[in-house]
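Peer 1: Quick mapping for you: the protein sequence lines, in order, are chains A and B. If you read the first sequence in this note's numbering, its first letter stands for residue 227, the second for the next number, and so on. If you read the second sequence in this note's numbering, its first letter stands for residue 599, the second for the next number, and so on.
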Amino acid sequence: MNTPQHPNLHSSKLRNELWLSLLVLGVLAVLPAFVQSNYWLGVLIVSMYFAIIASGWNLLAGYAGQFSLAPAAFAMLGGYSTALFAYHLQAPLWIGLPMAAIIPGLVGLVLGRIVLRLSGAYLALTTLSFAEILRLVIYNSIEFTRGDQGLTVPSLLDDRVAYYYLFLVALALVVGLIYWLLRRPMGRFLQAIRDDEIGAASRGVDVLRYKTLAFLISCAICGFAGGLYGTFARLVSPELGLIAQTGLVIAMVVIGGMGTLVGPLIGALLVYTASEVLRDVGNIQMIVFAFLVIVFARYFREGLWGLLRRSMLRRALAHRKEA
Amino acid sequence: MLALDLFVNGLIIGLYYALMAVGLSMIFGILKVVNFAHGEFYMVGAYTYTLISLNLGVPPWLALPTAALAGAAIGWLTERWLMRPLYTGYGSWGLMKDEYAVVVTFGLSLLMINLFDKVIGPYPMRGPALWDVSRLRIGPFMMSGQKVVTAVLAIVLLVGLALFIKRSLWGRQIQAVAQNRLGASIAGIDTGRASSIVFMASGVLAAVAGALLAPVINPAPDVGIFPAVKSYVIVVIGGMGSIPGSILAALLLGVLESFAAVYLSYDYRDTYGLVLLILILMFRPQGLFGERSREV
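1) Can you check which of these residues, G725/B, P658/B, Y861/B, is closest to A601/B by C-alpha distance?
2) Beta strand (DSSP E) containing I736/B: first to last residue?
3) Using a Cβ cut-off of 7 angstroms, pull out every chain A residue sitting near V702/B, in sequence order please.
4) Can the beta-carbon of L851/B be found closer than 8 angstroms to that of K828/B?
5) Let me check understanding here. Comparing Cα to Cα, which of Q744/B, A785/B, A635/B lies closest to R735/B?
6) When we look at the beta-carbon of M740/B and count the other beta-carbons within 10 Å, is it buried (16 or more) or exposed?
7) Please report the distance separating the alpha-carbon of S428/A from that of D422/A.
8) When you compare the CB of S355/A with every CB in chain B, is at least one pair closer than 8 angstroms?
9) Got a sec: which bits of the region 286 to 307 of chain A sit with their beta carbon under 8 angstroms from any beta carbon on chain B, in order along the chain?
10) How would you list, in chain order, the residues of chain B whose beta-carbon sits under 9 angstroms from the beta-carbon of E465/A?
11) Report buried or exposed for P230/A, applying the criterion of at least 16 other Cβ atoms within 10 angstroms of its Cβ.
12) Within this structure, are the beta carbons of V802/B and G669/B separated by less than 8 angstroms?
13) Give the range of the alpha helix (DSSP H) segment to which F276/A is assigned.
14) Take G291/A and list the residues in its own chain whose beta-carbon comes closer than 7 angstroms to its own, dropping the five residues that flank it on each side.
15) Taking the alpha carbon of V521/A as the reference point, which residue from D730/B, F824/B, P683/B, I841/B has its own alpha carbon closest?
16) Is any beta-carbon of chain B found at less than 8 angstroms from that of V379/A?
17) Do you know whose CA, among N633/B, L660/B, L604/B, L609/B, lies nearest V806/B's CA?
18) Just to confirm the assignment, what range does the alpha helix (DSSP H) spanning M325/A have?
19) Have a look at A523/A, L474/A, C445/A and flag the residue whose alpha-carbon is nearest the alpha-carbon of S294/A.
20) Please state if the CB of Y455/A and the CB of V269/A are separated by a distance shorter than 8 angstroms.
21) Using a Cβ-Cβ cut-off of less than 7 angstroms, give me the residues of the region 750 to 780 of chain B that come near chain A, in sequence order.
22) With 8 angstroms set as the bound, which would you pick, yes or no: does the beta-carbon of K745/B sit closer than that to a beta-carbon of chain A?
23) Between D820/B, L709/B, V853/B, which has its C-alpha nearest M723/B's C-alpha?
24) Give the residues of chain A in contact with P883/B, contact being defined as C-beta atoms less than 7 angstroms apart.
25) Starting from F587/B, trace the alpha helix (DSSP H) both ways and give me its first and last residue.
26) Note down, one range per segment and in chain order, each beta strand (DSSP E) of at least 3 residues found wholly within the region 440 to 497 of chain A.
27) Is W691/B helix, strand or coil by DSSP?
28) Indicate whether at least one CB of chain A lies closer than 8 angstroms to the CB of F887/B.
29) Can you round the beta-carbon distance between I469/A and E358/A to whole angstroms, since I take them to be within the 8 angstroms contact cut?
30) From the beta carbon of V642/B, is the nearest beta carbon of chain C less than 8 angstroms away?
31) When the cut-off is 8 angstroms and only beta carbons count, does A350/A lie next to chain B?
32) Hey, does F639/B have any beta-carbon neighbour from chain A nearer than 8 angstroms?
33) Return no unless some Cβ of chain A is closer than 8 angstroms to the Cβ of Y861/B.
34) Using a C-beta to C-beta distance shorter than 7 angstroms, which residues of chain B count as neighbours of M512/A?
35) Just to make sure I have the definition right: I need the residues of chain A whose C-beta is within less than 8 angstroms of the C-beta of Y866/B. Which are they?
36) Would you identify the three-state DSSP class for N633/B, choosing helix, strand or coil?
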C-alpha cells in the first residue's frame, strides 16, 4: 500500500532531489579540470546526452505513468530534423536545432492525441511499433535520408571542452524545466494521473490534456537531445533509434530511480560510463544492464537513489533513537 | 490470377502472424498485461529448431516438438519468475501494475536478444525445411511445401487451442480467470496455474511459428523484433484480448501486406500495418472485433 504523503513532506523531498541534482551537475562542471583525455570527455558528453533523454522519458513514464517505448526514436527524429534542414536546405543551425525539438514535439502531439485517450498498454504498444517503423522508413528512404549511411550535420563548436559545457548547460536547463513543471499544478496532476487515473478525472483533472502535454514535452526533450547529439557527432544514422537504445534509456532510469528528479542523472552517468568499461571486458553491457533492469524492477523498485535514501533515513532514525 | 495468388499468399502469411498474435492476445486477455518479450519466444523456437536439427542431426519433424517444448519452458519460467508479483501482490507498489509488466518484459526481451547474440553469435543461420518441396501444385496454385505445412499446422494448432479453451476443464478455468480473477480464486480455481498454462501455450505458439519460419527468416538474435511488432499491431487491431479478433486481424494484415507489397512498394511492406493501426485507433479504438471493456 502506498502511504499517503503530506504535501509539505513531498515538496521537501523534491527540493532535496533538486539539491542533489545540482550537486551532480556541479561535479560535472568541475570534471574537465581532472579529465584531460578527449576520449573520456566524449564519453561524458554522450552520457549527458543520455541523461537528457532519460530525464525526458522519466517525466512521462516515472511521473505521469505513461510508458512510451520510443525515446530513442524521438531522439533520432530530432537528429534527422536538424540534419535534413542542414543537408537539403543548407539552413543554419539556429534554424535546424530548434526544429529538433519542434518536429518531434508536434509528432508527439499528434501521436499522443490518438493513443493517450486509451489507457494501459496501448501507448507502449503503439510507440514501440512507431519506433521500429520510423527507423524502417528512414532506412528505406535512401534518396531523402541516404539510408543507413546516415546524414552529415555541421558542427556547432570546434572545441570538445566547449561542447562538454554546452551539453552541461542543456542538461541543467532540462532538469530545471522538469523541476519547474513538477512544482506547478501540472506536476501534481501528472502524479495523480499516474497513481489513480479515474480518481484524478473524477476530481476534475483534464486527464487527456495533461497526458498529451507531458508526452509532447517529453518528445521535444528527447528530440532536442538528438539534434544536439547530431551536431556533436556530425552524423545522424538510423542506429540512433534502435530498440536497444531505448532499452539503455529505460535501464538508466530504472537503475537510477524512476519517478525521481535525480535518478535519471545518476543512472545515465553510471550506466553509460560503466558501459564503456564493460565494452573492454567483452561487449556484455546490454546483458548486464538488461539483467539489472529486471532485478531492479522485480526486487528494488526505487532504484539506486531509493536505496540510498532509505539507508540514509535508517541511519538518521538510528541516530535519533540513540540520542 | 495474380490477385488470387496474392490473396492466398496473404492468407498463409496471415496464419503465421496469427500463431504469434494469438498467444500475445491470450496473455493480455487473462493477465491484462502485454508481454514485450513475445518476439524472443519466437526467436527461441527458431534457434532451438535450427540448432537441434543441424547440430544433432535430428530430423526436422522431431525438432519441431522440441522447439515447442522450449517455447513452453521459456513461457513457464517467465510466468514463475517475473509475472507472479502481478497477482500475488507486492508489499508496496513502487511501480503500478502495467508499468511493472512493461519494464520487466522489455528488460527480458533485451536480455534474451543480447544473451543469444553473445552465446550463439550474431550471424544468421539457415534452418532446414520441414517439407523440402519447392513447387507444389494445388489446384490453380503453385506453392512451396513448407508453406503448405505451415498453413496446415497453423490451422491445426489454432483449432486445437480453441477446443482446449472451450472444452477442457483447464480451458474453462482459464476463461473464468480471464473474466474475474478474484471470483475464480474464490471458486477454488488455482489462478497461478491457469496463468502458467496461458504463458506456456503462448510460448508454444510463438516458438512453433519461429521454427516453421526458420528456413525463410534465417534465425538471428534480433529476428523476433519485427514479428513481435506485427503481433502488437494485430492485437490492437483485432481488439485487445479477443482471440477470434486476433486471428481475423492477422489474416487481414497478411492479405493487406501481400497486395500492398506488389501494388504500392515492397520496401515499405512492414509499414502498412502501422498505418492501419493508427486508422483503427482513430476511429475504432476498441479494435475491429473488441468490445469496450467493463471494469468491475
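For glycine and all other residues, C-beta sits at the position ideal for the given N, C-alpha and C. If you're wondering where the values come from, they're calculated on a predicted model, not measured in any experiment.
Peer 2: So, from the listed chains and residues:
1) Y861/B
2) 734 to 736
3) I520, A523, R524
4) yes
5) Q744/B
6) exposed
7) 10 angstroms
8) yes
9) A287, G291, F293, L295
10) Chain B residues near E465/A: none, gap ~13 angstroms exceeds 9 angstroms.
11) In this prediction, P230/A scores a pLDDT of 46, lower than 50, which makes its location untrustworthy; the coordinate-derived value is nonetheless stated afterwards. Under this definition P230/A is an exposed residue.
12) yes
13) 264 to 284
14) I419, R420
15) P683/B
16) no
17) L660/B
18) 319 to 341
19) C445/A
20) no
21) none
22) no
23) D820/B
24) R343, L344
25) Residue 587/B is absent from the model: chain B starts at 599 and stops at 894.
26) none
27) Low confidence applies to W691/B: its pLDDT is 49, below 50, so where it sits in the model is not reliable, and the reading given next is rough at best. Coil at W691/B, not helix or strand.
28) no
29) 7 angstroms
30) Given the protein chain composition of this structure (A and B), no chain C is represented.
31) yes
32) no
33) no
34) L708, N712
35) L362, V363, N366
36) coil
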